[in-house]
Structure formats: structure tokens, C-alpha cells
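Those sequence lines, one after another, are chains F and Z. Position in the first sequence counted from 1, then plus 1140, gives you our numbering. Position in the second sequence counted from 1, then plus 49, gives you our numbering.
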Amino acid sequence: MEGQLALAMFAMVCLALLVGFPVALTLGGTALGFASLGILLGHFDPDYLTALTARIFGTMGNETLVAVPLFIMMGVILERAKIAEDLLTHMAGLFGARPGGLGVAVVVVGALLAASTGIVGATVITMGVLALPTMLRAGYHPQLATGTICATGTLGQIIPPSIALVLLGDIMSAAYQQAQLRMNIINTQTVSVGDLFIGAMVPGFLLVVFYLAYLLIRAALQPAHAPAAAVGRTEFGAAMTAVLPPVGLIALVLGSILLGAATPTEAAGVGAVGAMALALTRGALTPASLRDISRSTLYTTSMVFLILIGAAVFSLVFRGFGGDLLIESFFEELGGGPHTALLVVMLVMFLLGFILDFIEITFVVVPVVGPILLAMGFDPIWLGVMIAVNLQTSFLTPPFGFALFYLRGVAPDTVSTRDIYAGVLPFVVMQLLLLLVMWWWPNLVLWLPGVLGR
Amino acid sequence: MITLHATDKNHGIRIMSRTAPSGKIDGLMTRLEGVTLWCVPVMALLVFCIVLLRYGFNTGAIAAQESVQYLHATVFMLGAAIALRADQHVRVDIFYRNFSSRQRAWVNTLGHIVFTLPLCTLIGWGSLGYVVDSWSAQEASPEPGGLPLIFVLKTLIPAMAILLGLQATSQVIRGIRILQQQDSV
Chain F
1141 MEGQLALAMF AMVCLALLVG FPVALTLGGT ALGFASLGIL LGHFDPDYLT ALTARIFGTM
1201 GNETLVAVPL FIMMGVILER AKIAEDLLTH MAGLFGARPG GLGVAVVVVG ALLAASTGIV
1261 GATVITMGVL ALPTMLRAGY HPQLATGTIC ATGTLGQIIP PSIALVLLGD IMSAAYQQAQ
1321 LRMNIINTQT VSVGDLFIGA MVPGFLLVVF YLAYLLIRAA LQPAHAPAAA VGRTEFGAAM
1381 TAVLPPVGLI ALVLGSILLG AATPTEAAGV GAVGAMALAL TRGALTPASL RDISRSTLYT
1441 TSMVFLILIG AAVFSLVFRG FGGDLLIESF FEELGGGPHT ALLVVMLVMF LLGFILDFIE
1501 ITFVVVPVVG PILLAMGFDP IWLGVMIAVN LQTSFLTPPF GFALFYLRGV APDTVSTRDI
1561 YAGVLPFVVM QLLLLLVMWW WPNLVLWLPG VLGR
Chain Z
50 MITLHATDKN HGIRIMSRTA PSGKIDGLMT RLEGVTLWCV PVMALLVFCI VLLRYGFNTG
110 AIAAQESVQY LHATVFMLGA AIALRADQHV RVDIFYRNFS SRQRAWVNTL GHIVFTLPLC
170 TLIGWGSLGY VVDSWSAQEA SPEPGGLPLI FVLKTLIPAM AILLGLQATS QVIRGIRILQ
230 QQDSV
């Protein structure tokens, strides 16, 4: 009975979310409603809810999560101070005059900017607004243009330092501790956000290479679909003065984390202050603009953390109903070993990606299934990267992928929805290919952490 | 770019006449926002200084580090209600984006009554004993050189619940007003 209530609650939340009330409040509110029902029916122990205050206070004191507002701030500054836009213009000036070059510029800039955001909609919308009109005007096939922009926009999920990876890393590290307790391991090991960043480097880089290769092959085979753009050619020197400072900043932030010289939080603080300095040199940092930047950061940060609190209520109630035991016994009955279990989890997450954003899935699903899968012996870094790429693929997949909706919102009417769906398919295939390769050959993820001695 | 994520299409609600109590609550949130948002750059600068101290001078400062943590907590605990006022909490807007202002008023009014207000009651009520204990002990940081203000930090929990509840109430008042007005048309 309790287990059924847990599953009913999960189904109810998915339905309730579609109504369009804020996700964080729907998550927490539905769970609270079910808890009340459970208490009335005598199936729920109210004591489970008393842990909520300590959970919230734990979140307030979590040092790793301080990186979230700081990375958001860095992203907002790069965008508001038009540093991102300049980067794209100059990259387009450098590459655009060659067939496929404009697409290459979009992918490269998207990958760089990806770094500082982590919210699917944000990068897709920015790239859609900045790059889509330019690509269409240059004569790019609408399918190729929209596919490139959607795929590049979602790269932000997995290319460090994305806030999605910060959140996932934090949850994975807790799940890893739990899994080891469950396995009676006394000398427990830890996994950090930095480890996840390092693990995501090679797969993220590979995706960028896949995307670029695809663009160049298409340009070679069908030059009319990716023609040379009549963009003003930028002087190499002028381009470098626009490109080097932000690229240098991102490299500094990322490098210091990879080398273990700084924690993600410290690196994020340096990144935010560095971005402020860049904006200042461009005359784009005034008291008014700083207020706007801070306000945006405040909004997005609060949005993320309220989801965390709503999800905390949800997972407490889920646990109170014995939902996690139910899932554990489901996996035991499933048979077929760890890989079958992982396949099921990945499929469920993929489907959830149609209605929930990265953050919600990270907070709601990973705490429940993470410890179970890790106790089956999967490597936490590898599992984290698999989840991230899986979700990124889900956001791209027609007809429900998040990224497609966001691009639809900013694309001109001359681009049909069918174009967007068809355009993104080759990229979905590349994503699935990467997932398969990582599955059969985990060293693709684990090699770099090994080299760096993590 | 990030702000675009949460839909900014709710102008319908904002241009409604300022009904007295909900106008006051919204005004309070706007003023709170004007103060709270400065925590963000201060936090970034503090982290930067801590990094300089640690790598440049090889010293740490527990109090500075805890200040960062306090600012961070202040941002998102007070920000929950502030962001609600600005309609910045992300929604699954597959259907919502095409709703009329009346349909949106239904969603928001019912949502706050069924979800937000009970949730705020839970968080506020549940944290009360926790916070009172902390105040009566004048709970301080366990770290040497830490801030003696844990009880203030913990107070953010009921504060968040009260502010979020207030803002939800404001939107319920507004929502009912919209539904009534269009009924009489």
C-alpha cells in the first residue's frame, strides 16, 4: 500500500507539472498532499517530515553549492556585457567565409559559453537569438541551422563548469557515501564535483568534435546547405583581442579546477570577478548594469534552490512511503544484473527529460536510484557523466525535447517545426553513439581522472 | 539570457490595479529585492579575496568564508519570494504558454492555495522549535574564529516561509480579482 502511494505520488507530480504551476512548488506541494493523505490513512509517519528543517539548513551550509550563483553570475555578465555576442561575431568573421564555417563558429562559441550556464533554455535561446538569423541569412539550410543551434545549446549540460554538473556532482557524492555504507565499506572514498568535471571533459570534447565533423562533412557534400557567409572578414589581430580575454578567463576557471588548484567554488568566484573585470574594461559595468546582473543572478539562483527545497520535501515523503525500498526490490526482481538496471534507469530518466529539467531530475531521481546503482559497482564519475549525456540527449529528442521548444519560441515563422525536428535528428544519433561508446568503454570517461590522479 | 528561461509573459497579472494588500506585499518584495541583490557581487568579491589570501598569503579566514556562506543562503532563502513576485520560478510551460490570462489566474490561484501555502506552513511551523532552540542558546559557529550568528542564519528558514507565503497570498488576491472581473464582463 505505502509503496503504491509512493508511485501514485510520482505519477501525480508528473501530471500536476503539466498544468504549468512553478515546478518547485508543485513538487513539494503534491508530496505534502500525499503525506497528509498517508497520515490520515495511517500509512505515513509524520516524523519523516521533521527532517526537512535540517535538510534545508544543510543546503544553506553546503559549500559546494556556493559555486552555483557564482557561475550563474559569470554567465549573466558574459551575456549582458555582450562579450558572448562579440565572441560569436569575431569567430564568424574568422571562419565564416568558408563553407560550413559559420556553423563551426557557432559550435565553438556555444561550447565555450556552455561552460558558464547550465540551464537548457538559456543557451538555446541566446544562441537562437544571436546565431539563427545570421545562419539563415547566409543561406544555411534551416534544418542544419536549427539542429546545430539546439545541439550546441544543450552542450552546456555536460561541458564543465556547468552548474548542472555542480548540482549532479553534489548529489552523486552523497549517493556514493550512502552506497558505500550499504556495502559495509569502512574506508569510504569520496567523489567531488571537480572529479565529475574532469570526467566530463573528454566526452564533452568528443561531442564538439562530432558536431564539427558533421558540419564539415555536410558542407563538403552539400555546399548549398552550408554556404560560405558574406560576413565582414575580421582582422586576425582584432579578432584575437575580442576572443582571447573571455577564452582565457574560461580556461583559467576550468584549468584551476582540473589541476586541483582550486575548488569549483573558488574558481567560480574568480570567474565571476574576472567577468566583472572584462565588463569593466569594455565600459559595460555601471552601477545600473551591476544591479541588473545581480538581479538576474538572484532570480535564477532562487529558482534553482527552491527546486532543491521542493525536491527535498518530495524525496522525504517518497522515502516515508517506502518508495526507495520499492525501487530497490524492483531492481532485485528485475534480474539481469547491473546493466539491465542501469538501462532501465537511463530510459526512465530519458523519458522524464521530456517534462523535467536537469535540475529537477538530479534532485528527485538521482538520490533514489544513485545509491542503488553505485552499490551495484558502477563508478560514480562514469555514472554521473552517463546521466548527464543521457539527459542532454533527452532534451534534444523530438517531439518533446526541451531545447526544441525553446528554439521554436525564438525561431522565425519561416522555419517550420518539422525543420527543427528533422535538423536535430543527426545530432541525436551522435549523442546516442557517444552514450554507447561510453557504455562499452568506460575508460573514455575515466582515463583523464586517472591521469590527473583522482 | 537565463532570465528568459522562466517565462516573462505574465504581464497580464502585473498591470492589474494595485489591490491594497497585495500591492503592499509586492512593494515589500521589490524593496527587499533592491537590498538582497547586492549580496551577489559582495559574495563574488569576498570569494575572490579569500582565494587571494589563500594562494597569495597562505592564510585563511574562517569568518570571511562563513560570510560567503551566509550571503549565499540569504540570496536564495529571501530570493524564493522575490523571484515569485517577478514570476521567475520555472514552469513546465508546454500548455501554460498558450493559456489565457484567465486560465493562468486559475492555475496560479489554485496552485498557491493547494501547494504553496501548505508548504510554507510546513516549513515555517516545522522550523519553529529548531530556530527557538538556536536563539535561546545564541548558537555560534563551531569553528574557531567563526561567526557567532548561526541563530540568525537559521532564522532565514521561517523568514523564507513567511515571505513566500505572503507573496503567494498577494498573488491569490490578485488572481481572484482577475477571475471576478472577467466574470462580470
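By construction, the Cβ of each residue, glycine as well, lies at the ideal position given by its N, Cα and C atoms. Please read these numbers as outputs of a predicted model, since none were measured by experiment.
Taking only beta-carbon positions, decide if residue 1301 of chain F is within less than 7 Å of chain Z. For residue 1301 of chain F, no Cβ of chain Z is located within less than 7 Å of the residue's own Cβ.
With DSSP run on the structure shown, which of helix, strand or coil describes residue 1581 of chain F? Of the three classes helix, strand and coil, the one that applies to residue 1581 of chain F here is coil, per DSSP.
Using 8 Å as the Cβ pair cut-off and three pairs as the minimum, do the segment 1204-1216 of chain F and the segment 1409-1418 of chain F touch? Touching, yes, given that three or more Cβ pairs across the two stretches are closer than 8 Å.
Whole-Å CB distance - residue 1308 of chain F paired with residue 1524 of chain F, under 8 Å assumed: Their Cβ separation, rounded to whole angstroms, is 6 Å, which keeps residue 1308 of chain F and residue 1524 of chain F in contact under 8 Å.
Chain Z partners of residue 1409 of chain F, CB-CB under 7 Å? Per Cβ cutoff of 7 Å: 93, 96, 97, 100.
Does any residue of chain F have a CB that is nearer than 7 Å to the CB of residue 149 of chain Z? No, because no Cβ of chain F sits closer than 7 Å to the Cβ of residue 149 of chain Z.
In the structure shown, what three-state DSSP assignment does residue 1559 of chain F receive? In the displayed model, residue 1559 of chain F falls within a helix according to three-state DSSP.
Out of F:1589, F:1386, F:1515, F:1498, which one is the CA nearest neighbour of residue 1228 of chain F? Out of F:1589, F:1386, F:1515, F:1498, the CA that lies nearest to the CA of residue 1228 of chain F is found in F:1386.
Compare the beta carbon distance of residue 1249 of chain F and residue 1352 of chain F with 7 Å and say whether it is the shorter of the two. 7 Å or more divides the Cβ of residue 1249 of chain F from the Cβ of residue 1352 of chain F.
Use the C-beta contact count for residue 73 of chain Z: other C-beta atoms within 10 angstroms, 16 or more gives buried, fewer gives exposed. Residue 73 of chain Z is exposed by the Cβ-count criterion.
Out of F:1225, F:1230, F:1283, F:1268, which one is the CA nearest neighbour of residue 1565 of chain F? Selected option, being the one with the closest Cα: F:1283.
For residue 1239 of chain F and residue 1230 of chain F, the rounded distance between their alpha carbons: Their Cα atoms are separated by approximately 17 Å.
Taking the alpha-carbon positions, what's the residue 1518 of chain F to residue 1486 of chain F distance? Residue 1518 of chain F and residue 1486 of chain F have their alpha carbons spaced roughly 13 Å apart.
Would you mind reading off the limits of the alpha helix (DSSP H) that contains residue 1236 of chain F? That residue, residue 1236 of chain F, is in no alpha helix (DSSP H); it is neither H nor E in DSSP.
Between the Cα of residue 1582 of chain F and the Cα atoms of F:1512, F:1339, F:1236, F:1152, which residue gives the shortest distance? Distance from the Cα of residue 1582 of chain F is smallest, within the candidate group F:1512, F:1339, F:1236, F:1152, for F:1339.
Please determine, among F:1382, F:1233, F:1298, the residue with the shortest C-alpha to C-alpha distance to residue 1532 of chain F. Answer by Cα proximity: F:1298.
Check whether the Cβ of residue 165 of chain Z lies closer than 7 Å to any Cβ atom in chain F. Yes, residue 165 of chain Z counts as interfacial toward chain F.
Contact criterion: CB-CB distance below 7 Å. Does residue 1143 of chain F meet it with respect to chain Z? The beta-carbon of residue 1143 of chain F is placed no less than 7 Å from the nearest beta-carbon of chain Z.
So, residue 133 of chain Z versus residue 216 of chain Z, is the Cβ gap smaller than 7 Å? Going by C-beta atoms, residue 133 of chain Z is nearer than 7 Å to residue 216 of chain Z.
Is the segment 1389-1396 of chain F touching the segment 1269-1276 of chain F, taking contact as three or more C-beta pairs under 8 Å? The answer is no - the segment 1269-1276 of chain F does not touch the segment 1389-1396 of chain F, with fewer than three Cβ pairs under 8 Å.
Beta-carbon neighbours of residue 226 of chain Z, restricted to chain F and to distances below 7 Å: Near residue 226 of chain Z there are no residues of chain F at all, since even the closest Cβ is about 19 Å away, more than 7 Å.
Determine the closest residue to residue 1399 of chain F out of F:1439, F:1280, F:1337, F:1363, with distance taken between C-alpha atoms. Relative to residue 1399 of chain F, the option among F:1439, F:1280, F:1337, F:1363 whose CA is nearest is F:1337.
Give the interface partners of residue 157 of chain Z over in chain F, defined as CB-CB distance under 8 Å, in chain order. Correct list: 1161.
Inter-residue Cα distance where the pair is residue 115 of chain Z and residue 198 of chain Z: Near 10 Å, if we compare the C-alpha coordinates of residue 198 of chain Z and residue 115 of chain Z.
Which same chain residues, not among the five before or five after residue 1575 of chain F, have their C-beta less than 6 Å away from its C-beta? The beta carbon of residue 1575 of chain F is closer than 6 Å to those of 1529 in its chain, skipping five residues each way along the sequence.
Distance cutoff 7 Å, beta carbons only. Does residue 193 of chain Z sit that close to anything in chain F? No - not a single Cβ of chain F is within 7 Å of the one on residue 193 of chain Z.
Let me check understanding here. Comparing Cα to Cα, which of F:1325, F:1313, F:1342, F:1177 lies closest to residue 1590 of chain F? It is F:1342.
Please classify residue 1405 of chain F: is it buried, with 16 or more other beta-carbons within 10 angstroms of its beta-carbon, or exposed? By the 10 Å Cβ count, residue 1405 of chain F comes out buried.
Hey, which unbroken runs of the beta strand (DSSP E) at 3 residues or more fall wholly within the segment 1201-1228 of chain F? Complete beta strand (DSSP E) runs here, min 3: none at all.
Within the chosen definition, does the segment 120-136 of chain Z reach the segment 191-209 of chain Z through at least 3 CB pairs nearer than 8 Å? The segment 120-136 of chain Z vs the segment 191-209 of chain Z: in contact.
Beta carbon of residue 159 of chain Z: closer than 6 Å to some heavy atom of the ligand MG? No copy of the ligand MG appears in this structure; indeed no ligand is present at all.
Please classify residue 1326 of chain F as buried or exposed, where buried requires at least 16 other C-beta atoms within 10 Å of its C-beta. Residue environment: residue 1326 of chain F is assigned as exposed (fewer than 16 neighbouring CB atoms within 10 Å of its CB, all protein chains considered).
Between the CA atoms of residue 1269 of chain F and residue 1410 of chain F - distance to the nearest angstrom: Taking the straight line joining both Cα atoms gives about 28 Å.
Residues of its chain near residue 95 of chain Z, where Cβ-Cβ distance is below 8 Å and the 5 sequence neighbours each way are ignored: Result list for residue 95 of chain Z: 113, 116, 117, 120, in chain order.
Proximal chain F residues relative to residue 29 of chain Z, where beta-carbon distance stays under 7 Å: Beyond the ends of chain Z as shown, which are 50 and 234, falls residue 29 of chain Z; an answer cannot be given.
For residue 169 of chain Z, which of Z:138, Z:129, Z:195 has the nearest alpha-carbon? Of all alpha-carbon atoms in Z:138, Z:129, Z:195, the one lying nearest the alpha-carbon of residue 169 of chain Z is that of Z:129.
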